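Structure first, commentary second.
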Amino acid sequence: MTPASLTAPGAYPGLTVTLHTEGDDSGILEIVIRNEKTLNSVDRHGHAALTHIWRDIDAASRIRCVLIRGEGRGFSSGGDFALIEEMASDFTALARVWKEARDLVYNVVNCGKPVVSAIHGPCVGAGLAVALLADVSVAAKSARILDGHVQLGVAAGDHAAIIWPLLCGLNKAKYHLLTGEAVSGEEAERIGLVSLCVPDEELLDRSWAVARKLAAGSPTAVRWTKYALNNWLRAMGPTFDASLALEFLGFTGPDIHEGLAAKREKREPKFMEDAPI
């Protein structure tokens, strides 16, 4: 995969990909999640793009660092309702997205190039996975980080079990993942969920400054340090795999349909009274 094919129009639906090759931005690949009508939600094509792009980045020699952000009012509002509905009603679609969700996490973890995320507004779902798995996460004070799996009626699989306890501790992870309570940018920095929190107007400048510093460093030193540190995440692979399997098992039950209906109707869900196991 060459930088030219990475940045070809339409190569990654739902993403705008730009390789900056001039001056201080030399070698920084900018990824923008873009779907302003739905706060940058991710449809089936966008989910696949956000999964596969990291392998191509890893293979492209001219890329020294990645900066990922959302366009407009937020980072990403997560998977769109059509994708969730398809997963809950079509086994083939469920299996496809399960593989993508697994590969998305491992592809970000195993991508050799350093990744910086610039988080503002809502940050949910697959976008949240990338934002928190980034090597340096910079949040604006307006950021609203939310893992909403339990609100939909499925287990918090996705990225949560592999990274949240390591970043903010098991107690905080359990609180936010079991209740579905959102985390502000300031609170996320306080508990260690993100690297930095800055005023909204400074978000892009600070994120770009971090990306430039990483891009200017020794590629071997930066990438090999990242590889060694990410063994903490690789060691949690079995925990992540189990959480993802349980999440997707939930898509075969009744609670996902009630959770999705409640979201659409803007009401509180009425889930099952008890679990079968």
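Residue numbers (the working numbering): 342 to 618.
Positions of the beta carbon are idealized from the N, C-alpha and C atoms, including for glycine.
Predicted, not measured: the structure shown is a model, and the values here were computed from it.
The Cβ atoms of S417 and V479 do not sit closer than 8 Å to each other.
Ranked by Cα distance from L391, the options G466, L435, G494, K378 are led by G466. In the three-state DSSP reduction, R403 falls in the coil class, being neither helix nor strand. A residue is called buried when at least 16 other Cβ atoms come within 10 angstroms of its Cβ; N448 meets this threshold and is buried. Comparing alpha carbon positions, the residue from C452, E363, C406, A400 closest to A552 is C406. Residue pairing by DSSP places G420 opposite V383 in a beta bridge. Under a 10 Å Cβ-count criterion, E377 is classified as exposed, with fewer than 16 other Cβ atoms of the shown protein chains found around its own Cβ. Under the three-state reduction of DSSP output, H500 falls in the coil class, being neither helix nor strand. The DSSP assignment places 485-487 as complete runs of the beta strand (DSSP E) inside the region 485-535, in order along the chain (cut-off: 3 residues). Cβ contact annotation for L544 (same chain, cutoff 6 Å, sequence separation greater than five): A459, H461, A481, in chain order. Straight-line measurement puts the Cα of P617 at about 26 Å from the Cα of I503. Straight through space, the alpha carbons of A556 and I369 are spaced by roughly 7 Å.
For E412, there is no enclosing beta strand (DSSP E), since its DSSP letter is neither H nor E.
According to the DSSP secondary-structure assignment, C464 is paired through a beta bridge with S417, I486. By the Cβ neighbour-count rule, R414 is exposed, with fewer than 16 other Cβ atoms within 10 Å of its own. Fully enclosed alpha helix (DSSP H) runs of no fewer than 4 residues are not present anywhere in the region 434-458.
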